[in-house]
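Quick note, the sequences are listed as chains X and A, same order.
Just so you know, the first sequence maps onto residues 242 to 479 in the numbering used here.
Just so you know, the second sequence maps onto residues 242 to 479 in the numbering used here.
Glycine included, C-beta positions come from ideal geometry on N, C-alpha and C.
Quick caveat: nothing in here was measured; it's all calculated off a predicted structure.
One structure is given here, and the rest of the page talks about it.
Number of protein chains: 2
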Amino acid sequence: MAEIIATEATPAKRRRGQGVGTVYEILKHEILDLTIQPGSPIDEVKLTERFSMSRTPIREALVKLASEGLVVTLPNRSTVVAPIDFQNLAHFFDALTLMYRVTTRLAATNRTEAEIVRIRQLQKSYEDAVSEKNVSAMIEVNRDFHAEIARAGKNRYYTDLFERLLDEGRRLLRLYYSSFNDELPQLYLDEHEEMVQAVADRDVAAADRIAQQHAQQIVRQIQAYITEDRRLNADIQL
Amino acid sequence: MAEIIATEATPAKRRRGQGVGTVYEILKHEILDLTIQPGSPIDEVKLTERFSMSRTPIREALVKLASEGLVVTLPNRSTVVAPIDFQNLAHFFDALTLMYRVTTRLAATNRTEAEIVRIRQLQKSYEDAVSEKNVSAMIEVNRDFHAEIARAGKNRYYTDLFERLLDEGRRLLRLYYSSFNDELPQLYLDEHEEMVQAVADRDVAAADRIAQQHAQQIVRQIQAYITEDRRLNADIQL
DNA sequence: AAAATATTTTTTGTCGACAAGAAAAATACA
DNA sequence: TGTATTTTTCTTGTCGACAAAAAATATTTT
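Take a look at the structure:
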């Protein structure tokens with residue numbers, strides 16, 4: 242799950258029509274993983290060399306990333322990795338919480354047995370990541386776990402927005418959650434368990450309650466990190 | 242507001258960096274206006290001639306439209322205008338109603354005076370469109386009116402989704418609402434008035450109530466058209 | 001030496017061309 | 001005559017090149 246994408250200089254020929262897709266996927270992964278710093282400029286020519294393909298498919302990949310808000314294109318100037326929007330964190334938390342609730346509720350009513358199986362598999366993966374203390378995997382699998390629940394709800398309008406929010410959350414968590422802390426993962430694990438149970442039981446009220454609780458938990462976590470960060474900066478700057 | 246975009250064969254030179262933008266805007270407008278039929282293929286070469294520019298900027302515009310779901314790209318095959326998704330109308334209505342409520346509520350708390358002025362201007366435009374019995378303008382201005390309210394709420398995650406939903410709704414209304422009917426526009430006008438008042442008064446509860454009511458009104462309208470349409474088809478086919 | 005102007009370098013937006021796939025047409029085969 | 005196979009045509013994905021902006025550098029002017 243944590244593939245090393247060091248050098249993409251592929252001497253072997255790539256299949257036609259795979260170009261933009263691979264560039265898009267890899268860049269997206271690196272942006273969400275903070276492998277590329279928010280705000281850092283993206284050099285088209287360098288990507289040209291790295292992926293050994295012309296600028297045309299690379300530009301198309303960047304256009305795609307831009308319309309998802311993952312990069313920002315300054316006309317006639319460089320495109321940069323989207324900076325993390327601290328101004329509107331409150332709006333982010335608000336939307337995230339609502340989408341957590343709505344998607345989990347819908348999942349409880351629309352889920353199939355096959356979907357429950359898949360969700361439980363992801364839950365297991367998360368458990369493994371926790372026991373391995375693999376922060377990177379935890380963040381990524383956590384996102385996939387909730388995205389899978391949302392998909393079981395079947396409403397693509399909600400899932401699209403929710404996935405966008407989860408991705409943004411992934412960057413925020415990645416930013417702060419570099420050192421492992423064992424209290425929270427266990428709490429999340431328990432909440433995940435409750436959530437799956439509610440969805441499996443088709444208990445909408447319970448699903449809603451736990452989704453809200455879980456969302457608030459994550460919001461609190463991020464806010465705590467930010468506060469801590471502020472304090473640190475305050476010490477240094479003032 | 243209802244410009245005629247007949248021939249884009251611009252002999253005069255276009256400013257650099259304006260290419261993709263114009264193509265994107267014009268195509269988007271035509272797709273939402275049903276000038277281009279849902280499902281109909283998009284010929285890159287024809288667009289090349291029409292806009293008198295090379296395929297590169299046109300493709301970038303199509304990529305942008307694709308990532309907004311307005312066109313669908315079949316790999317190595319043609320890209321087509323996104324078909325209207327009748328399968329998931331229920332999900333569409335659900336999301337639309339929720340976004341109506343959430344954005345109007347937020348507008349009631351976050352709106353500034355300047356925004357109220359702009360909203361009232363759009364309300365006036367809608368009124369004009371109704372008295373002129375200009376269906377096309379009514380549908381378009383109605384969308385802009387609600388989008389403006391949503392923007393006053395300031396949460397970009399909600400506004401982005403809501404605008405996408407309003408656009409999809411625009412296509413649905415355009416599809417059925419070809420002949421003018423004077424009952425509904427007046428009803429909408431009254432509801433709009435109530436909505437603006439609630440937002441201006443910062444009355445969240447009222448805003449929520451009216452938003453929900455208005456959404457359900459629109460949902461009912463579309464559903465009525467679809468039912469009517471089914472009956473018509475039934476007569477012919479069976 | 002600092003500010004303003006001119007020049008060079010770099011980077012982006014667009015172009016025309018070509019090759020890989022898919023669709024359509026033509027041919028062969030039963 | 002209908003089906004399978006080959007050939008041709010058409011469309012898409014990618015490429016390398018070039019020109020317009022912007023940025024960086026050098027030059028002139030005060």
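Asked: Looking at the C-beta of X/ASN351, does it have a partner C-beta in chain A at a distance below 7 Å?; Found: no
Asked: How many Å lie between X/PHE386 and X/THR320 at the Cα?; Found: 31 Å
Asked: What is the rounded straight-line gap between the Cα of X/GLN462 and the Cα of A/LYS365?; Found: 46 Å
Asked: My understanding is that A/ASN396 touches A/LEU347, with C-beta atoms under 8 Å, so please give their C-beta distance in whole angstroms.; Found: 6 Å
Asked: Would you mind sorting X/LEU288 into buried or exposed? The rule is 16 or more other CB atoms within 10 Å of its CB.; Found: buried
Asked: Give me the Cα-Cα distance between A/ALA441 and A/GLU354, rounded to the nearest whole angstrom.; Found: 8 Å
Asked: I want to see whether chain A comes within less than 7 Å of X/SER295, judged by CB atoms only; does it?; Found: no
Asked: Is the beta carbon of A/VAL304 less than 7 Å from the beta carbon of X/VAL304?; Found: yes
Asked: Looking at the unbroken alpha helix (DSSP H) that takes in X/THR276, where does it start and where does it end?; Found: Careful: X/THR276 lies outside any alpha helix (DSSP H) and carries neither H nor E.
Asked: When you compare the CB of X/HIS387 with every CB in chain A, is at least one pair closer than 7 Å?; Found: no
Asked: Could you tell me whether the Cβ of A/PRO279 comes closer than 7 Å to any Cβ of chain X?; Found: no
Asked: On a CA-only basis, which of X/THR314, X/GLU435 and X/GLY310 is nearest X/ILE283? Give me that one, please.; Found: X/THR314
Asked: Can you tell me whether A/GLU389 is buried or exposed, with buried defined as 16 or more other CB within 10 angstroms of its CB?; Found: buried
Asked: In whole angstroms, give me the CA-to-CA distance for A/MET294 and X/PHE403.; Found: 37 Å
Asked: Any C-beta of chain X sitting closer than 7 Å to the C-beta of A/HIS433?; Found: no
Asked: Classify A/ILE463 as helix, strand or coil using the three-state DSSP reduction.; Found: helix
Asked: Assess contact between the segment 319-337 of chain A and the segment 364-378 of chain A, defined as three or more Cβ pairs (one per stretch) separated by less than 8 Å. Is contact present?; Found: no
Asked: Roughly how many angstroms lie between the CA atoms of X/ASN351 and A/GLU409, to the nearest whole one?; Found: 23 Å
Asked: Which same chain residues end up closer than 7 Å to X/LEU425 when comparing Cβ atoms and leaving out the 5 residues on each side of it in sequence?; Found: GLN462
Asked: Name the chain X residues whose beta carbon is nearer than 8 Å to that of A/ALA336?; Found: ASN396, TYR398 and TYR399
Asked: In three-state DSSP terms, what is X/THR314?; Found: strand
Asked: For the segment 299-324 of chain X, which residues have a beta carbon sitting closer than 7 Å to at least one beta carbon of chain A?; Found: ARG300, GLU301, VAL304, LYS305, SER308, GLU309, PRO316 and ASN317
Asked: Give a yes or no on whether the minimum CB-CB distance between A/GLY260 and chain X is below 7 Å.; Found: no
Asked: Use the C-beta contact count for A/LEU428: other C-beta atoms within 10 angstroms, 16 or more gives buried, fewer gives exposed.; Found: exposed
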